[in-house]
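Asker: I'd like to ask some things about the structure below.
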Amino acid sequence: MTPTSRHDLSIIASALLNEVVLLPHPQGGPQVGLWFAPYHLLDDCHKLSLPYDSTFLPGPDVPPAAAQRRPSSPRDHASSSTNASALLVSMGHVVTPYTSFLLDFGPLNIAQSVRLGHFIKQHISTLSQAPDLIVLICDQESQEDCSNAVVLLGAYVTLFHDAQWTAIDRYVNECMRSQPNGQLKLFRDPSYWTPPATFANLSPRDCLAGLIHARDLGWFDLSTFSVQEYLFRDHPNQGDWNWVVPPPEARRKTLATRQRLIQQGKLSPVKSTAAQVEDRCCGLLAFAGPDLAVPHQHPSIYVDPFKSQGISTVVRLNNANYDRAYFQHQGFDHFDMIYPDGHNPPDVVLQQFLALVLREYSRNGSIALHCMAGLGRTGTLICASMLAFAGFPGPMSAIGYLRLMRPGSVVGPQQVYLLEYLPQFHRIARELLMAAPPPSPIRLHSSVLGEKVMATLPTTNPFPLTMSETVAGAYETDQEPVLQPRKEATSMGTYTARVVSPGTRLPPRTGSGTP
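Here's what the structure looks like:
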């Protein structure tokens with residue numbers, strides 16, 4: 001496209017070259033950058049192909065620090081040219097805005113980064129010559145957009161170009177330096193909760209650290225991920241569920257493919273925290289609780305999709321509003337581990353759930369876990385499992401990855417709980433593994449990649465499970481619950497988000513459209 005008369009190409013190019021934050025040059029593709037641009041440029045610059053002088057950008061191996069953005073000599077690589085072109089992509093034209101529950105504003109779900117990647121690939125295919133530089137532009141006046149753009153582009157290069165942590169860490173630091181106050185706005189949970197002074201909210205760095213760790217564990221396979229399927233199942237009229245941890249067998253296949261590409265030199269060896277992790281997490285799917293009073297949440301509608309997705313066990317954390325026989329008669333195990341909305345899990349729930357995760361891993365199975373909305377209690381126990389059995393670098397990186405996969409997860413003081421209980425997660429995992437060590441963990445460098453694990457845990461489990469467990473004493477707590485997030489469908493096929501008091505029963509959703 002051609003910009004309007006008030007936007008001279010040379011002015012735009014000069015501003016771009018002075019302000020773009022670059023990522024390392026991916027193998028076999030154009031360089032990627034992020035530009036925090038003036039708002040009035042966002043529409044006119046979308047899909048703009050812009051000529052620029054490449055000697056004003058650092059080379060692929062030069063850290064893109066502000067002082068180095070305009071070197072005195074040409075960039076030091078074989079393809080150095082003054083006749084380069086940049087493709088500008090406006091974030092607002094490619095991704096769907098975040099649907100906030102309350103004060104939360106991001107991060108954008110993982111489907112948005114995949115959608116960005118597909119858009120870039122498709123648009124480049126229509127050009128006569130591939131660009132040398134792809135620049136995502138966002139509104140520099142919106143702190144929320146800036147933080148979302150950092151994660152959006154970082155996730156794109158993580159998934160599409162296999163970016164390593166050192167590059168992503170450097171990129172986030174440079175993005176922070178480009179902000180007027182030297183900081184990126186932190187993401188917050190979907191509630192009115194006021195965190196203690198010692199608590200730091202979720203950062204863009206946390207989100208990307210969690211995503212890289214998950215990618216290197218084989219938890220995300222770009223070749224099989226469907227944006228349409230994700231958005232369809234994410235909708236409250238279509239099940240409101242998201243895979244957070246894929247089934248063990250799928251991860252083994254993904255890791256086998258990655259290992260083959262590494263051996264062929266097409267991917268870099270793993271350098272993240274996942275390199276030596278023994279991944280013993282079963283598949284984990286988070287979903288909003290079934291409800292007999294709501295037609296599109298009737299438990300029977302989940303049976304066939306769950307069977308096709310390889311779900312073996314269903315866990316309910318909220319008060320029963322359906323008969324678990326709907327699942328049991330179809331061959332699913334069903335456990336009740338009920339505790340109050342908006343609270344942290346009692347120790348007995350934590351112990352039993354982690355035992356169940358290890359049992360299902362040993363069976364090559366997956367758990368579908370729900371509370372009322374599948375966000376607070378559900379997200380907390382999923383994060384506890386990720387920290388106990390998948391070696392995530394810290395609770396905030398686990399929360400960051402979870403919110404990319406299922407926005408709105410882990411609410412209020414549940415975040416502090418995950419930070420404070422980290423030693424307990426590790427202790428319980430050690431006790432379970434000592435009592436009943438499962439076979440071969442999933443590891444990138446394991447010699448048993450692709451081997452199907454069929455053994456089950458011995459009966460020496462220190463935290464025995466019962467099929468009808470309702471936690472005694474779970475309501476004996478001084479914790480003050482916070483308002484809880486909920487999704488509500490609209491008649492237009494989209495959905496809105498809001499918060500309600502813990503225990504409040506929502507009216508039946510009225511929307512019937514599809515996303």
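First residue of the sequence shown: 1, per UniProt numbering; consecutive thereafter. Ideal Cβ positions, reconstructed from N, Cα and C, are used throughout, including at glycine. Note that the structure is predicted; figures quoted are calculated from it, not measured.
(1) Measure the CB-CB distance between S191 and P395 and report whether it falls below 9 angstroms.
(2) Quick check: what's the CA-CA separation for I11 versus L17?
(3) Determine whether the beta carbon atoms of I367 and L284 lie at a separation below 9 angstroms.
(4) Are there 16 or more other CB atoms within 10 angstroms of the CB of L369, so buried, or fewer, so exposed?
(5) What three-state label does DSSP hand V348 in the structure shown?
(6) Could you please give the first and the last residue of the uninterrupted beta strand (DSSP E) stretch that includes C138?
(7) Out of V294, Q328, D304, point me to the one whose CA is closest to V372's CA.
(8) Could you spell out where the beta strand (DSSP E) holding S385 opens and where it closes?
(9) Rounded to whole angstroms, what is the Cα-Cα separation between Q414 and Y326?
(10) Mapping the DSSP letters down to three states, classify P485 as helix, strand or coil.
(11) Express the C-alpha separation of H46 and V349 in angstroms, rounding to a whole number.
(12) Work out the CA separation of N318 and P464 for me, nearest whole Å.
(13) Taking the DSSP output, what are the residues bridged to C371?
(14) Determine the closest residue to S226 out of Y52, N83, G117, with distance taken between C-alpha atoms.
(15) Within its chain, find whatever has a CB closer than 7 angstroms to the CB of L42; leave out the 5 residues flanking it on each side and keep chain order.
(16) Would you say C146 and Q179 are within 9 angstroms of each other, going by their C-beta atoms?
(17) Are R406 and L375 closer than 9 angstroms when you measure CB to CB?
(18) Of the choices H343, T158, V245, whose alpha-carbon is the least far from that of S268?
(19) According to DSSP, what are the bridge partners of P51?
(20) Spatial neighbours of R280 within its chain, please: CB distance less than 7 angstroms, with the 5 preceding and 5 following residues excluded, ordered by chain position.
(21) Classify H343 as buried or exposed, calling it buried when 16 or more other Cβ atoms lie within 10 Å of its own Cβ.
(22) Buried or exposed: H329, going by 16 or more other Cβ atoms within 10 Å of its Cβ?
(23) How should R205 be labelled, buried or exposed, when 16 other C-beta atoms within 10 angstroms of its C-beta is the threshold for buried?
(24) Straight-line CA distance for Y52 to S85?
(25) Can you find the residues in the same chain that come closer than 6 angstroms, C-beta to C-beta, to V277, ignoring five residues on each side of it along the sequence?
(26) CA-CA distance, L9 and N237?
(27) Considering just the uninterrupted stretch of the beta strand (DSSP E) at G33, what are its terminal residues?
(28) Hey, out of P246, A274, D336, whose CA is closest to I212's CA?
(29) Nearest to L381 by CA position, among G331, P305, Q143, F287, is which residue?
(30) Report the option in Q31, V244, N148, H235 whose CA atom is closest to the CA atom of F220.
(31) Which same chain residues end up closer than 6 angstroms to D323 when comparing Cβ atoms and leaving out the 5 residues on each side of it in sequence?
Answerer: Let me spell this out:
(1) No.
(2) Cα-Cα distance, rounded: 10 angstroms.
(3) Yes. Within cutoff.
(4) Looking at its Cβ environment, which holds 16 or more other Cβ atoms inside 10 Å, L369 is buried.
(5) When DSSP states are grouped into helix, strand and coil, V348 belongs to the helix group.
(6) Taken as a continuous stretch (DSSP letters only), the beta strand (DSSP E) holding C138 covers 133–139.
(7) Reading off the sequence shown, one finds Met at residue 372, where the question assumed Val. Check the Cα spacing between M372 and each of V294, Q328, D304: the tightest is with V294.
(8) Taken as a continuous stretch (DSSP letters only), S385 belongs to no beta strand (DSSP E), being part of the alpha helix (DSSP H) at 376–389.
(9) Rounded to the nearest angstrom, the two C-alpha atoms are 30 angstroms apart.
(10) If DSSP states are grouped into helix, strand and coil, P485 belongs with the strands.
(11) Each residue's Cα considered, the two are about 50 angstroms apart.
(12) Confidence at P464 is low in this model, with a pLDDT of 48, below 50, so its placement is unreliable and the value that follows should be read with caution. Spanning the alpha carbons of P464 and N318 requires a straight line of approximately 21 angstroms.
(13) A288.
(14) If we check each option's Cα against that of S226, G117 comes out closest.
(15) Hits under 7 angstroms: S90, G92, I137, D139.
(16) In this structure, the beta-carbon distance from C146 to Q179 falls below 9 angstroms.
(17) The Cβ atoms of R406 and L375 lie closer than 9 angstroms to each other.
(18) That would be T158, whose Cα lies nearest to the Cα of S268.
(19) Beta-bridge pairing links P51 to S85.
(20) Scanning its chain for C-beta atoms nearer than 7 angstroms, with the 5 sequence neighbours on each side dropped, one finds around R280 the residues L358, Y361, F389, P438, P441, in chain order.
(21) It is buried - the Cβ of H343 has at least 16 other Cβ atoms within 10 Å.
(22) So H329 counts as exposed.
(23) Buried: at least 16 other Cβ atoms inside 10 Å.
(24) Those two C-alpha atoms are separated by around 6 angstroms.
(25) The beta carbon of V277 is closer than 6 angstroms to those of G391 in its chain, skipping five residues each way along the sequence.
(26) C-alpha separation (whole angstroms): 46 angstroms.
(27) Counting along the chain, the beta strand (DSSP E) containing G33 begins and ends at 31–37.
(28) The candidate whose alpha carbon is nearest that of I212 is A274.
(29) Closest option to L381, Cα to Cα, is F287.
(30) Of Q31, V244, N148, H235, the residue nearest in Cα terms is V244.
(31) Cβ neighbours of D323 beyond the five flanking positions: none.
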